[in-house]
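Peer 1:
There are 2 protein chains.
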Amino acid sequence: MATQPSSAKNVPWLNTREMKAWRTYIIASRRMLDALDNDLAGLDLTMADYEVLAQLSDAPDRKLRMSELAEIAMISKSRLSHRMKVMEQAGWVRREECPSDRRGFFAVMTDKGFKAIQKAAPTHVDSVRNRFIDHLTAKDQEDLSKIFDRVQAQLRGQFIAEDGPAKSSNKRSTKK
Amino acid sequence: MATQPSSAKNVPWLNTREMKAWRTYIIASRRMLDALDNDLAGLDLTMADYEVLAQLSDAPDRKLRMSELAEIAMISKSRLSHRMKVMEQAGWVRREECPSDRRGFFAVMTDKGFKAIQKAAPTHVDSVRNRFIDHLTAKDQEDLSKIFDRVQAQLRGQFIAEDGPAKSSNKRSTKK
DNA sequence: ATGAAGTGTTTCAACTTTCAACTACCTAGC
DNA sequence: GCTAGGTAGTTGAAAGTTGAAACACTTCAT
Numbered sequence: 504m505a506t507q508p509s510s511a512k513n514v515p516w517l518n519t520r521e522m523k524a525w526r527t528y529i530i531a532s533r534r535m536l537d538a539l540d541n542d543l544a545g546l547d548l549t550m551a552d553y554e555v556l557a558q559l560s561d562a563p564d565r566k567l568r569m570s571e572l573a574e575i576a577m578i579s580k581s582r583l584s585h586r587m588k589v590m591e592q593a594g595w596v597r598r599e600e601c602p603s604d605r606r607g608f609f610a611v612m613t614d615k616g617f618k619a620i621q622k623a624a625p626t627h628v629d630s631v632r633n634r635f636i637d638h639l640t641a642k643d644q645e646d647l648s649k650i651f652d653r654v655q656a657q658l659r660g661q662f663i664a665e666d667g668p669a670k671s672s673n674k675r676s677t678k679k
Numbered sequence: 504m505a506t507q508p509s510s511a512k513n514v515p516w517l518n519t520r521e522m523k524a525w526r527t528y529i530i531a532s533r534r535m536l537d538a539l540d541n542d543l544a545g546l547d548l549t550m551a552d553y554e555v556l557a558q559l560s561d562a563p564d565r566k567l568r569m570s571e572l573a574e575i576a577m578i579s580k581s582r583l584s585h586r587m588k589v590m591e592q593a594g595w596v597r598r599e600e601c602p603s604d605r606r607g608f609f610a611v612m613t614d615k616g617f618k619a620i621q622k623a624a625p626t627h628v629d630s631v632r633n634r635f636i637d638h639l640t641a642k643d644q645e646d647l648s649k650i651f652d653r654v655q656a657q658l659r660g661q662f663i664a665e666d667g668p669a670k671s672s673n674k675r676s677t678k679k
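In order, the protein sequences belong to chains H and S.
Each residue of the first sequence is one higher than the one before, starting from 504 at the first, in my numbering.
Each residue of the second sequence is one higher than the one before, starting from 504 at the first, in my numbering.
If you want it as structure tokens, here you go:
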């Protein structure tokens with residue numbers, strides 16, 4: 504539906520090597536991500552929230568425009584608004600008016616939020632090491648970077664070529 | 504909390520190479536998975552449902568015990584029950600009593616379900632190729648398999664060592 | 001000025017996910 | 001045979017997540 508990528512017919516099936524790579528990658532990744540989320544749960548964080556907070560803590564003055572934060576954290580503006588409300592109540596962030604553009608707001612990380620993320624970081628890094636990085640050689644790491652740089656480049660290419668705002672859109676057709 | 508992996512204190516931070524590998528992998532993966540889900544949306548499928556159906560279609564007689572299916576599709580039994588209800592209404596699967604253990608049920612893929620997945624498969628494979636596999640050399644694929652085999656082996660190790668039923672458990676502590 | 005477009009929030013309805021029963025059955029020990 | 005305890009799977013309610021659309025402002029170009 505909608506510009507079927509030309510080559511859609513007679514797609515060559517995955518051969519054994521390809522299938523193995525795909526399945527191994529996809530399954531191990533899911534398990535690992537579950538595990539990481541689990542490791543963070545003890546700190547009342549999800550990976551998604553950690554990502555938002557980490558981005559914020561890296562930003563100059565630990566503040567970013569809402570839109571920009573949404574973009575780099577790869578979530579919709581609406582979703583960010585929702586999450587911010589929760590994190591605001593936890594006292595980790597607050598909103599601040601943008602003086603130069605009065606439509607805009609900054610998401611600002613509070614000291615409490617910064618302490619929270621600083622406390623979470625070692626646990627998370629430990630997770631990432633134990634569950635992933637420490638099992639890779641330096642060469643592996645470089646290979647991986649190259650591979651996923653390529654993957655990402657192509658995705659970006661396709662998205663720019665298209666129209667939509669990149670986000671999903673779940674069009675479960677008119678089937679009940 | 505709960506057997507902190509001994510080395511939890513003074514965790515060495517990720518160096519540049521490690522950080523690059525981790526971020527590139529995690530971000531590109533997320534984008535790619537989003538894209539794949541998007542590609543499937545036109546066929547009224549999510550990756551999760553596709554996974555369930557694919558497992559079923561690969562099983563002998565295209566049937567599996569509910570528990571077993573839940574396990575290999577990496578979802579909880581409860582969740583599978585709920586999803587099955589939906590897929591049953593779509594006419595893709597049905598439940599069948601297990602004669603040898605009358606507590607049990609088989610999930611059975613119907614012909615209609617098989618046709619649906621057969622129709623979806625080329626699109627999905629095309630997605631997987633375009634967005635991932637075709638950007639890897641044969642060597643890349645082998646490297647990837649090795650890497651994620653290792654990652655998975657270690658995860659399994661840790662899980663076996665623990666008590667729970669492997670599934671998350673979200674213990675957001677007693678805060679509010 | 002005026003209208004179009006941008007920023008961010010909010011409401012709403014749909015959907016997903018988990019949790020804690022709950023039914024039904026099986027197995028073992030006595 | 002009975003009973004205790006375990007397993008298979010379902011269920012309903014509660015909680016959480018999500019995106020679309022409507023909204024209130026503000027800015028910007030004419």
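Just so it is clear, CB atoms sit at the ideal spot from N, CA and C, and this is done for glycine as well.
Is there contact between the region 541-554 of chain S and the region 618-635 of chain S, where contact requires at least three CB pairs shorter than 8 Å?
Peer 2: Because the criterion of three Cβ pairs below 8 Å is met, the region 541-554 of chain S and the region 618-635 of chain S touch.
Peer 1: Enumerate in chain order the residues of its own chain whose CB-to-CB distance from Leu639(H) is below 8 Å, with the five nearest sequence positions on each side excluded.
Peer 2: Hits under 8 Å: Leu647.
Peer 1: Just to confirm, are Glu521(S) and Ile650(H) a CB contact at a threshold of 9 Å?
Peer 2: Contact flag unset, no.
Peer 1: For chain H, is any of its Cβ atoms less than 9 Å away from the one on Pro602(S)?
Peer 2: Chain H, which has no Cβ nearer than 9 Å to the Cβ of Pro602(S), makes this no.
Peer 1: Quick check on the burial criterion: 16 or more other C-beta atoms within 10 angstroms. Buried or exposed for Lys618(S)?
Peer 2: Lys618(S) is exposed by the Cβ-count criterion.
Peer 1: When you check each C-beta in the region 512-524 of chain S against every C-beta of chain H, which residues fall closer than 7 Å?
Peer 2: If the cut-off is 7 Å between Cβ atoms, the region 512-524 of chain S has Val514, Trp516, Leu517, Arg520, Glu521, Lys523, Ala524 near chain H.
Peer 1: For the region 555-567 of chain H against the region 601-613 of chain H, are there 3 or more C-beta pairs whose distance is under 8 Å?
Peer 2: These segments touch.
Peer 1: I need the straight-line Cα distance from Glu591(H) to Arg597(H), nearest angstrom please.
Peer 2: Their backbone Cα atoms lie some 6 Å apart in a straight line.
Peer 1: Give me the Cβ distance between Arg634(S) and Leu536(H), rounded to the nearest whole Å; I'm assuming they're in contact under 8 Å.
Peer 2: Actually they are not in contact, since the Cβ atoms of Arg634(S) and Leu536(H) sit about 18 Å apart, beyond 8 Å.
Peer 1: Whose C-beta lies closer than 6 Å to the C-beta of Val555(H) among residues of the same chain, with five residues either side of it excluded?
Peer 2: Correct list, in chain order: Ala576.
Peer 1: Do Ile578(S) and Ala557(S) have their beta-carbon atoms positioned less than 9 Å apart in this structure?
Peer 2: No.
Peer 1: If we count the other Cβ atoms within 10 Å of its Cβ and call it buried at 16 or more, is Ser630(H) buried or exposed?
Peer 2: Under this definition Ser630(H) is a buried residue.
Peer 1: Look at the alpha carbon of Ser581(H) and the alpha carbon of Asn541(S), and state the distance between them as a whole number of angstroms.
Peer 2: Each residue's alpha carbon lies about 19 Å from the other.
Peer 1: What is the rounded straight-line gap between the Cα of Trp595(S) and the Cα of Gln644(S)?
Peer 2: About 33 Å.
Peer 1: DSSP state of Met522(H), grouped into three classes?
Peer 2: Three-state result, Met522(H): helix.
Peer 1: Taking Cβ positions, are Val628(S) and Val514(H) nearer each other than 9 Å?
Peer 2: Yes, they are a contact pair.
Peer 1: Express the C-alpha separation of Leu583(S) and Lys523(S) in angstroms, rounding to a whole number.
Peer 2: So the alpha carbons of these two residues sit roughly 37 Å apart.
Peer 1: Is Tyr528(S) close to chain H? Criterion is C-beta to C-beta, closer than 9 Å.
Peer 2: Yes, its Cβ sits closer than 9 Å to a Cβ of chain H.
Peer 1: 9 Å is my cut-off, CB to CB: does Ile636(H) come that close to chain S?
Peer 2: It does: the Cβ of Ile636(H) has a partner Cβ on chain S nearer than 9 Å.
Peer 1: Is Glu591(S) close to chain H? Criterion is C-beta to C-beta, closer than 9 Å.
Peer 2: So no, Glu591(S) is outside the interface.
Peer 1: If I follow the unbroken alpha helix (DSSP H) through Met590(S), where does it start and stop?
Peer 2: Element bounds for Met590(S): 580-592.
Peer 1: Which residues bound the alpha helix (DSSP H) around Leu559(H)?
Peer 2: Residues 550-561.
Peer 1: Please compile the residues from chain S whose C-beta is within a distance smaller than 8 Å of the C-beta of Gln621(H).
Peer 2: Here the premise fails: no neighbours, minimum Cβ distance about 12 Å.
Peer 1: Should Trp525(S) go down as buried or exposed, given a rule of 16 or more other Cβ atoms within 10 Å for buried?
Peer 2: Its Cβ being crowded by 16 or more others within 10 Å, Trp525(S) is buried.
Peer 1: Does Met504(S) get closer than 9 Å to chain H when you measure Cβ to Cβ?
Peer 2: Residue placement at Met504(S) is poorly supported in this model, since its pLDDT is 39, which falls under 50; the coordinates are not used for a value here.
Peer 1: Tell me, please, whether the CB atom of Ser581(H) is closer than 9 Å to any CB atom in chain S?
Peer 2: No, no contact with chain S.
Peer 1: Going by DSSP, which residues form a beta bridge with Phe608(H)?
Peer 2: Answer by DSSP bridge pairing, in chain order: Glu600(H).
Peer 1: Measuring only between beta-carbons, confirm whether Arg675(S) sits less than 9 Å from chain H.
Peer 2: In this prediction, Arg675(S) has a pLDDT of 33, which is less than 50 and means its spatial position is unreliable; what the coordinates show is noted afterwards. It does: the Cβ of Arg675(S) has a partner Cβ on chain H nearer than 9 Å.
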